[in-house]
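Working notes, structure below.
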Amino acid sequence: MSSFEHVKSEYRWSGSRLNKQAPKLGAIDLNLLVVFDALMRDRSVTRAGQRLGLSQPAVSHALTRLRHMLKDELFVRSPNGMMPTPRAEQLATPIRIALDGLQQSLEPTQFEPATATATFRIAVDNYAAIVLVAPIAEHIARNAPGVTLDFRPSGTLNIPDLLDRSELHLAIGPPRVQAERFSLRRLLQDQFVVVHRKGHPAARAREFSTETLATLPQLEISSAQFGADFAEASLGKSKPVLKPAMRAPFLSAAQILATSDLVSVFPLNIARHMTKSHGLVLHRLSRPPKPIEAAMIWPRRLDNQPAHAWLRELIIGVVANDFRRT
Numbered sequence: 027m028s029s030f031e032h033v034k035s036e037y038r039w040s041g042s043r044l045n046k047q048a049p050k051l052g053a054i055d056l057n058l059l060v061v062f063d064a065l066m067r068d069r070s071v072t073r074a075g076q077r078l079g080l081s082q083p084a085v086s087h088a089l090t091r092l093r094h095m096l097k098d099e100l101f102v103r104s105p106n107g108m109m110p111t112p113r114a115e116q117l118a119t120p121i122r123i124a125l126d127g128l129q130q131s132l133e134p135t136q137f138e139p140a141t142a143t144a145t146f147r148i149a150v151d152n153y154a155a156i157v158l159v160a161p162i163a164e165h166i167a168r169n170a171p172g173v174t175l176d177f178r179p180s181g182t183l184n185i186p187d188l189l190d191r192s193e194l195h196l197a198i199g200p201p202r203v204q205a206e207r208f209s210l211r212r213l214l215q216d217q218f219v220v221v222h223r224k225g226h227p228a229a230r231a232r233e234f235s236t237e238t239l240a241t242l243p244q245l246e247i248s249s250a251q252f253g254a255d256f257a258e259a260s261l262g263k264s265k266p267v268l269k270p271a272m273r274a275p276f277l278s279a280a281q282i283l284a285t286s287d288l289v290s291v292f293p294l295n296i297a298r299h300m301t302k303s304h305g306l307v308l309h310r311l312s313r314p315p316k317p318i319e320a321a322m323i324w325p326r327r328l329d330n331q332p333a334h335a336w337l338r339e340l341i342i343g344v345v346a347n348d349f350r351r352t
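In this note's numbering, the protein residues as written are 27 to 352.
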């Protein structure tokens with residue numbers, strides 16, 4: 027080999043950062059992409075191996091092959107685990123979508139809930155956790171005993187990212203996540219009402235005005251995100267100034283309200299749960315604030331996947347049957 031040819035050969039390899047050639051599709055081992063996806067999810071060689079049923083050396087060997095094939099480090103060790111490089115972040119979503127599509131093509135075209143074994147990971151906000159999780163779980167247990175539900179609180183989650191990576195199958199909450207790659211189905215709206223103890227001195231009227239509410243000491247819920255917004259209820263008047271006399275977690279609210287003259291504002295379906303188990307009553311507001319809204323959000327690529335479509339239809343049916351009065 028001439029010195030020029032040697033230099034040219036070395037440049038193609040060591041200078042690959044400047045002149046990267048995409049590997050041919052036929053040369054890619056699908057198993058390596060499965061390992062890559064597991065590493066992106068778990069950020070750990072050990073946990074990725076446990077997910078895939080592989081030993082740690084086998085995952086490390088696969089990562090070495092991936093690095094060689096893609097000419098990039100892909101994952102770098104850090105105190106927080108294996109951190110992906112920009113190139114790995116760029117590849118993550120296309121690979122996840124491709125693997126999902128392949129998996130779906132191998133699945134049966136029909137979903138038989140009575141005999142199916144599947145796990146659905148669903149993010150829920152506080153409202154959905156209180157109002158919707160129990161009836162959904164009840165219907166799943168009755169119709170699909172082999173299906174496992176993994177409900178996760180959505181407060182600190184990056185919902186779009188987890189949906190993109192198939193870490194979540196579905197999210198239920200306010201309809202804020204809107205993008206072309208996601209589908210959305212509104213489930214229900216819920217009006218706000220006032221909750222207080224039986225015999226409360228301010229409970230003579232059938233309805234509370236916002237002005238009356240503003241004169242009463244309020245219990246503010248510190249652990250929930252379904253607070254009422256009275257801006258649209260004021261009809262051009264100044265927004266009522268509520269008096270939070272106490273802040274407490276939702277789990278303490280019913281007992282506090284039952285043993286004090288504090289009042290609180292809750293969505294109607296949550297208030298109904300509270301009044302069933304404690305000495306509490308609810309009152310409608312003469313000018314209720316903007317209703318709270320719950321919606322399902324999921325990756326559009328799963329629109330026609332049989333199992334996912336069945337889950338969505340079941341949830342829609344639960345809402346239609348259990349919340350007609352809302």
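Glycine included, C-beta positions come from ideal geometry on N, C-alpha and C.
Since the structure is predicted, the reported quantities are computational estimates derived from the model, not experimental observations.
Would you report the Cα separation of Leu92 and Leu58, rounded to the nearest angstrom? In the sequence shown, residue 92 corresponds to position 66, counting from 1. In the sequence shown, residue 58 corresponds to position 32, counting from 1. For Leu92 and Leu58, the distance between alpha carbons rounds to 7 Å.
Rounded to a whole number of angstroms, what is the C-alpha to C-alpha distance between Val307 and Gly225? Here residue 307 is taken as the residue at index 281 of the sequence shown, counted from 1. Here residue 225 is taken as the residue at index 199 of the sequence shown, counted from 1. Rounded to whole angstroms, Val307 to Gly225 spans 9 Å at the Cα level.
Do we get a CB-CB distance below 8 Å when we pair Pro325 with the residues of chain C? Absent from the structure: chain C. Only one protein chain is present.
Decide if His94 is buried, meaning its Cβ has at least 16 other Cβ atoms within 10 Å, or exposed. Within the sequence shown, numbered from 1, the residue matching residue 94 stands at position 68. Label assigned to His94: exposed.
Hey, quick one: how far does the beta strand (DSSP E) through Ala149 stretch, first residue to last? The count along the sequence shown starts at 1 and reaches residue 149 at position 123. Unbroken beta strand (DSSP E) run through Ala149: Ala144 to Val150.
Need the endpoints of the alpha helix (DSSP H) that Lys302 sits in, please. What you label residue 302 is simply residue 276 of the sequence shown in a count that begins at 1. Counting along the chain, the alpha helix (DSSP H) containing Lys302 begins and ends at Leu294 to Ser303.
Starting from the C-beta of Phe218, find all residues in its chain whose C-beta is less than 8 Å away, skip the five residues before and the five after it, and write them out in chain order. Position 192 of the sequence shown, counted from the start, is the residue given in the question as residue 218. Same-chain partners within the cutoff: Ala254, Val291, Phe292, Pro293, Leu294, Leu311, Pro314, Pro315, Pro317 and Ile318.
Spatial distance of Ile198 from Pro275 (CA atoms): Counting from 1 along the sequence shown, the entry for residue 198 is found at position 172. Counting from 1 along the sequence shown, the entry for residue 275 is found at position 249. Whole-angstrom Cα-Cα distance: 21 Å.
Which residue comes first and which comes last in the alpha helix (DSSP H) that contains Leu189? Start at 1 with the first residue of the sequence shown, and residue 189 comes out as number 163. Here the alpha helix (DSSP H) through Leu189 covers Ile185 to Asp190.
Would you give the residue range spanned by the beta strand (DSSP E) that Pro243 belongs to? Here residue 243 refers to the residue found at position 217 when the sequence shown is read from its first residue. Counting along the chain, the beta strand (DSSP E) containing Pro243 begins and ends at Pro243 to Ile247.
Using a 10 Å radius around the Cβ and a threshold of 16 neighbouring Cβ atoms, would you call Thr145 buried or exposed? Numbered from its first residue, the sequence shown carries residue 145 at position 119. Exposed: under 16 other Cβ atoms inside 10 Å.
Ile54 - containing alpha helix (DSSP H), residue span: For the purposes of this step, residue 54 is identified with residue 28 of the sequence shown, where counting begins at 1. First-last for Ile54: undefined, no H or E at that position.
Other residues of its chain near Ala155: CB distance less than 8 Å, five sequence neighbours each side excluded: As a working note, residue 155 is residue 129 in the sequence shown. Around Ala155: Phe177 and Pro179.
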